[in-house]
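For the sequence shown, position 178 (counting from the first letter as 1) is numbered 181 according to this note's numbering, and the numbering increases by one without interruption.
Heads up, the beta-carbon is just placed ideally off N, CA and C, and yes, glycines get one too.
Worksheet: the structure to be examined is printed underneath.
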Amino acid sequence: MAIGLWIAVHKIPWMGPLVANTLRAVVGTDNVAKLEDFAYGVEDRFNRWYRKNEKPKAYWDVPAEQPQATTVASSEGAPAKPEWQLAEVGPIHEKWSAPGDGKWVKIKDPRRPDEGAYMYKTLLHPDKNRSWAELFVVAVDMKRARLQAMPGYREPQSFEKEAKALVRKARVPDEDHEELLAAFNGGFMTEHGWFGMKYDGVTLVKPRETACTLAELDDGTLTLGTWKKISASEAKMKWYRQMPGCMYEDEKIHPGLADPETRLWGATLDGETVIRRSAVGLNAARDVLYVGISNHTTAKAIADGMRHAGAVTVGQLDVNWSYPKFVLYEPKEPGGPRKAVALAAGFEFDEDEYIRKRSLRDFFYLVRREREVTAQN
4 MAIGLWIAVH KIPWMGPLVA NTLRAVVGTD NVAKLEDFAY GVEDRFNRWY
54 RKNEKPKAYW DVPAEQPQAT TVASSEGAPA KPEWQLAEVG PIHEKWSAPG
104 DGKWVKIKDP RRPDEGAYMY KTLLHPDKNR SWAELFVVAV DMKRARLQAM
154 PGYREPQSFE KEAKALVRKA RVPDEDHEEL LAAFNGGFMT EHGWFGMKYD
204 GVTLVKPRET ACTLAELDDG TLTLGTWKKI SASEAKMKWY RQMPGCMYED
254 EKIHPGLADP ETRLWGATLD GETVIRRSAV GLNAARDVLY VGISNHTTAK
304 AIADGMRHAG AVTVGQLDVN WSYPKFVLYE PKEPGGPRKA VALAAGFEFD
354 EDEYIRKRSL RDFFYLVRRE REVTAQN
């Protein structure tokens, strides 16, 4: 029965949250965390025996050479400009990688196939002891894209008076559908760390001084850092979302990840627990956003992978099998509404994810800042 339940949790999208939340209500959050640690530990020991001879695998075709930069014309008649490109970062472990590791591949919008790149993706294998530890990274040009936070209809749970009247849309607003590029998961449940969130001028959960905080400023730029270092700009923040302490900050690794004797990381699960994780990062200029979704990684593995990809500051978002996801959107049929598609195979999602289906938990979504090419619906 236990084995069957474990399989169901990993195969049925709604099963994981249902089982975890039910158990938390019965035996408590800490006991569920211990149970998860134990279960994931058993899974990892099995994988290290059963999959020890597996080689790292690729998930998509990677061009042999990166295409030459092209010029992109604007529909408004603005001067043409070179297409945004990123330098290849290469594998983290040269002898322990799949073909194409560290090579950036353009993510195309099927409705605008000739439009310049807004996003690139790459795959990294950050753990030399586990070939099946995978990190999928998306890099976003924040000069041409905008990131928006959206609270879920239940999480983060708020106990603030001012938040009671807040209408939680919990999905991408209709007015943003036309320019929608992608969406991805948010942070922890409130009870898993009490990490802050502000949205639409309303504080849902008060900020924690030591929490890593992602925020959009009133000029449209992003900032990411420890709250006590960036809180002076709070009046300029349109929204913010907090997470555990920054894994990397200004290129420096968190002491909790650098010290092998420090095991606890995040809200409940052990930093050494090998699980699915998610993370965000910014480059030094704060004009490239990195979003990472992983399979079977420790906290340090995903942190090092995000740093390798180009982020100088990195924060961890939600974890566990069911929650981390990055989805793109494409038409269901010519002229029809769009549906969500996963960045890579193996991640749980619904075709209405975030766009029509209201989300229980908070999430982020990306939209185009400017119209370059009219969508071909």
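Based on Cα-Cα distance, which residue from the options lies nearest to residue i?
i: residue 104; options: 86, 168, 312 and 305; result: 312
i: residue 109; options: 131, 128, 143 and 134; result: 143
i: residue 320; options: 149, 281, 208 and 107; result: 281
i: residue 90; options: 164, 187 and 291; result: 291
i: residue 57; options: 131, 124, 42 and 123; result: 131
i: residue 227; options: 336, 287 and 101; result: 287
i: residue 297; options: 338, 334 and 346; result: 346
i: residue 355; options: 337, 333 and 254; result: 333
i: residue 245; options: 42, 67, 113 and 365; result: 365
i: residue 222; options: 240, 198, 230 and 205; result: 240
i: residue 171; options: 361, 369 and 367; result: 361
i: residue 147; options: 134, 225 and 102; result: 225
i: residue 255; options: 314, 211 and 197; result: 314
i: residue 161; options: 276, 206, 96 and 301; result: 206
i: residue 293; options: 283, 53, 302 and 300; result: 283
i: residue 192; options: 202, 203 and 158; result: 158
i: residue 299; options: 289, 234 and 136; result: 136
i: residue 341; options: 88, 113, 101 and 237; result: 113
i: residue 3; options: 204, 308, 276 and 164; result: Since the first and last residues shown for the chain are 4 and 380, residue 3 lies out of range.
i: residue 310; options: 350, 339, 94 and 116; result: 94
My output table needs one value for residue i: the three-state DSSP class, helix, strand or coil.
i: residue 46; result: helix
i: residue 325; result: coil
i: residue 318; result: strand
i: residue 59; result: coil
i: residue 367; result: strand
i: residue 200; result: strand
i: residue 258; result: helix
i: residue 53; result: helix
i: residue 84; result: strand
i: residue 124; result: strand
i: residue 233; result: helix
i: residue 209; result: coil
i: residue 305; result: helix
i: residue 336; result: coil
i: residue 27; result: With a pLDDT of only 47 at residue 27, under the threshold of 50, the placement of this residue in the model should not be trusted; the figure read from the coordinates follows. Correct three-state label for residue 27: helix.
i: residue 310; result: helix
i: residue 168; result: coil
i: residue 356; result: strand
i: residue 181; result: coil
i: residue 350; result: coil
i: residue 270; result: Its pLDDT being 44, under 50, residue 270 is placed unreliably by the model, and the measurement read from it follows with that caveat. Of the three classes helix, strand and coil, the one that applies to residue 270 here is coil, per DSSP.
i: residue 114; result: coil
According to DSSP, residue i sits in a beta bridge with which residue or residues?
i: residue 293; result: 142 and 284
i: residue 242; result: 219
i: residue 188; result: 366
i: residue 160; result: None, per the DSSP bridge assignment.
i: residue 278; result: 300
i: residue 226; result: 218
i: residue 152; result: 367
i: residue 341; result: 334
i: residue 109; result: 123
i: residue 252; result: 255
i: residue 194; result: Beta-bridge pairing links residue 194 to no other residue.
i: residue 137; result: 298
My guess is that residue i and residue j are in contact by the Cβ rule of under 8 angstroms, so how many angstroms apart are they, rounded?
i: residue 247; j: residue 214; result: 7 angstroms
i: residue 251; j: residue 200; result: Contact doesn't hold; Cβ gap of about 22 angstroms is too wide.
i: residue 186; j: residue 175; result: 7 angstroms
i: residue 219; j: residue 150; result: 6 angstroms
i: residue 335; j: residue 352; result: Contact flag wrong, Cβ pair sits at about 14 angstroms.
i: residue 305; j: residue 183; result: That belief does not hold up - the Cβ atoms of residue 305 and residue 183 are roughly 26 angstroms apart, past 8 angstroms.
i: residue 368; j: residue 153; result: 7 angstroms
i: residue 169; j: residue 318; result: Going by Cβ atoms, the distance from residue 169 to residue 318 rounds to 24 angstroms, so no, they are not a contact pair.
i: residue 180; j: residue 358; result: 7 angstroms
i: residue 173; j: residue 155; result: 5 angstroms
i: residue 123; j: residue 107; result: 4 angstroms
i: residue 230; j: residue 212; result: 6 angstroms
Chain D beta carbons: is any one of them nearer than 8 angstroms to that of residue i?
i: residue 218; result: No chain D is present in this structure, which holds just one protein chain.
Is any heavy atom of the ligand FMN found at a distance shorter than 7 angstroms from the C-beta of residue i?
i: residue 226; result: The model on display carries no ligand, and the ligand FMN is accordingly not part of it.
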